[in-house]
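Residue numbers (our numbering): 3 to 177.
What follows is one structure encoded as structure tokens, with my remarks underneath.
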């Protein structure tokens with residue numbers, strides 16, 4: 003694993019704090035509570051203009067649960083977990099953008115075709131979390147991704163809060 007570069011961290015910040023975004027990013031700033039930590043080395047661009055992304059390629063994010071993540075009972079709302087999974091999956095795929103032939107503009111990060119979530123446990127405001135986004139398979143048009151959201155204490159996983167599986171698709175721009 004290697005740390006996110008300053009440019010990658012700035013791209014994350016810009017992505018999560020867009021003024022034209024709706025939902026949690028603009029209204030509740032959940033993205034501001036999560037920070038990029040590290041990712042597997044980014045594969046070089048191959049002869050076809052894409053990347054040969056190995057199964058298990060991973061990006062890791064960490065953050066702290068705040069009130070804006072929670073329902074009126076003070077526990078993390080399931081929709082917040084789903085938002086985290088969807089947005090961090092998309093941003094992680096954007097890291098692998100290789101230009102207009104492979105996961106590039108105008109659909110960097112692709113479009114979600116399916117998002118499946120499983121919820122295991124809740125946590126409290128102030129607890130630290132780690133989000134691991136793992137690419138199980140990535141082609142020129144589809145990516146199958148697994149997302150694990152864990153509570154951590156002093157860098158160690160305490161318990162799994164939620165997991166997700168996501169199918170993203172990407173199509174080359176028709177100009």
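From the three backbone atoms N, C-alpha and C, an ideal C-beta is built for every residue, glycine too.
Asked                                                                                                               : Found
Beta-carbon gap between residue 135 and residue 91 smaller than 7 Å                                                 : yes
Expected contact under 8 Å - CB spacing of residue 171 and residue 144 to nearest Å                                 : 5 Å
Other residues of its chain near residue 64: CB distance less than 8 Å, five sequence neighbours each side excluded : 36, 37, 39, 130, 131, 132, 133 and 154
For residue 111 and residue 167, the rounded distance between their alpha carbons                                   : 15 Å
Beta bridge counterpart(s) of residue 144 as assigned by DSSP                                                       : 171
Straight-line gap, residue 173 to residue 114 (C-alpha atoms, nearest Å)                                            : 12 Å
Proximal residues to residue 138 (C-beta, below 7 Å), its chain only, five neighbours per side dropped              : 57, 146, 147 and 148
Residue interval of the alpha helix (DSSP H) (run including residue 117)                                            : Per DSSP, residue 117 belongs to no alpha helix (DSSP H); it is in the beta strand (DSSP E), 113-121.
Endpoints, beta strand (DSSP E) assigned at residue 36                                                              : 36-41
Alpha-carbon to alpha-carbon, residue 93 and residue 55                                                             : 15 Å
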